[in-house]
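**Student:** Have a look at this one.
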Amino acid sequence: MIKIAPSILAADFANLGQDIKRIDEAGCDYVHIDVMDGSFVPNISFGVPIIKSIREYTDKVFDVHLMIDEPSRYIRDFKEAGADIITVHAEACKHLHSTISLIKSYGLKAAVSLNPATSINALEYIIDELDMVLVMSVNPGFGGQKFIESSLHKISAIKDVICGRGLKCDIQVDGGISLDNVKKVVNAGANVIVAGSAIYNSEDISSTIKAFREVCEN
Ligand code: DX5
Ligand code: ZN
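At position 37 of the sequence shown (counting the first as 1) the number is 36 in numbering that gives the first Met the number 0, and the numbers step up by one without a gap.
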């Protein structure tokens with residue numbers, strides 16, 4: 000089953016509650032929430048108080064993508080704000096294994112993200128512990144960038160590892176995903192699709208989410 004995770008980075012922050020209701024009613028699976036600290040990535044988005052305040056607008060899964068240095072410092076805060084899944088970057092954690100254990104100790108799902116230039120070898124000793132791997136198909140920090148083609152090979156290599164080890168681990172892809180390229184990432188093995196600008200900048204959010212599902216599942 001494919002899961003559609005609109006990124007609210009492309010939403011109207013002055014009407015965030017409303018914009019979350021729109022993707023909820025359109026039948027999204029997750030709300031993808033991009034937290035940026037201006038250090039791990041060259042941009043600042045928003046943090047814990049915003050997540051807390053949007054929690055009441057939907058019951059959908061909060062898929063929190065932390066693009067912050069040493070995220071272990073804030074896992075408890077994000078849990079209390081309403082996160083369901085927490086993704087950390089392999090490149091941002093000194094002690095990745097203990098950070099993943101910490102996320103799981105709160106009863107949350109745990110995921111690791113890899114930047115475009117990071118090898119899948121970074122997953123070797125952690126993938127058995129994960130609920131999801133996030134393959135960045137742009138350099139993290141901004142919405143609206145161009146999809147990096149080498150992500151396709153990375154997704155299929157990770158898929159081979161997951162199948163080879165008999166794991167139950169989702170593969171999420173994030174960055175530059177549109178109705179034109181989403182089929183390629185699904186064919187490569189991704190089953191959780193993040194899309195920001197392709198959804199929020201479209202004329203009709205609801206029909207775009209439905210179109211994503213249709214393209215992915217046919
Ligand atoms: C980028 C973020 C993405 C971003 C995707 O650092 O992690 O989630 O919002 O935006 P689009 O779909 O516009 O590339
Ligand atoms: Zn993201």
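We put the beta carbon where it would ideally sit given N, CA and C, even for glycine.
(1) Counting C-beta neighbours from all protein chains within 10 Å, is the total for Ala194 16 or more, i.e. buried, or is it exposed?
(2) Pick helix, strand or coil for Phe61, following the three-state DSSP scheme.
(3) For the alpha helix (DSSP H) containing Leu133, name the first residue and the last one.
(4) Do you know how far the Cα of Phe12 is from the Cα of Glu69?
(5) With His152 as the anchor, note down where its beta strand (DSSP E) starts and where it stops.
(6) What first and last residue would you give for the beta strand (DSSP E) that runs through Lys2?
(7) Would you kindly work out how many angstroms separate the C-alpha atoms of Ser112 and Met135, rounded to a whole number?
(8) Assuming Ile126 contacts Ile102 (C-beta within less than 8 Å), just tell me the rounded distance between them.
(9) Quick check: the region 16-26 against the region 54-70, are at least 3 beta-carbon pairs closer than 8 Å?
(10) Taking the straight line between their C-alpha atoms, what separation do you get for Ala80 and Asn42?
(11) Is Phe141 near ligand 1, judged by its Cβ being under 8 Å from some heavy atom?
(12) Quick check on the DSSP output: the beta strand (DSSP E) that includes Lys182 runs from which residue to which?
(13) Between Lys145, Ser38, Asp169 and Gly143, which lies nearest to Ser155 when the distance is taken from Cα to Cα?
(14) Would Asp173 be called buried (16 or more neighbouring beta carbons within 10 Å of its own) or exposed?
(15) From the DSSP output, read off the bridge partner residues of Tyr29.
(16) Measuring CA to CA, which of Gln171, Phe45 and Ile1 is closest to Gly140?
(17) Measuring only from the beta carbon, is Val193 closer than 8 Å to any heavy atom that is part of ligand 2?
(18) How is Ser112 classed by DSSP in three states: helix, strand or coil?
(19) Under the DSSP definition of a beta bridge, which residues are partnered with Gln171?
(20) Note down the Cα distance separating Arg164 from Ala121, rounded to an integer number of angstroms.
(21) Using a Cβ-based criterion (distance less than 8 Å to any ligand heavy atom), does Met131 qualify as near ligand 1?
(22) In the DSSP assignment, what residue or residues form a beta bridge with Asp203?
**Tutor:** Here's the rundown:
(1) buried
(2) Strand, per DSSP.
(3) No alpha helix (DSSP H) holds Leu133; the beta strand (DSSP E) holding it covers Met131 to Met135.
(4) 26 Å
(5) From DSSP, His152 is part of no beta strand (DSSP E) but of the alpha helix (DSSP H) over Ser150 to Arg164.
(6) Note, Lys2: beta strand (DSSP E), Lys2 to Pro5.
(7) 7 Å
(8) Actually they are not in contact, since the Cβ atoms of Ile126 and Ile102 sit about 15 Å apart, beyond 8 Å.
(9) Three or more Cβ pairs drawn from the region 54-70 and the region 16-26 lie within less than 8 Å of each other, which places the two stretches in contact.
(10) 22 Å
(11) Yes; taking the cut-off as 8 Å, the Cβ of Phe141 has a heavy atom of ligand 1 nearer than that.
(12) Run containing Lys182: none in the beta strand (DSSP E); it sits in the alpha helix (DSSP H), Val181 to Ala187.
(13) Asp169
(14) buried
(15) Val60
(16) Phe45
(17) yes
(18) strand
(19) Leu133 and Val191.
(20) Each residue's Cα considered, the two are about 16 Å apart.
(21) no
(22) For Asp203, which the question treats as bridged, DSSP gives no partner whatsoever.
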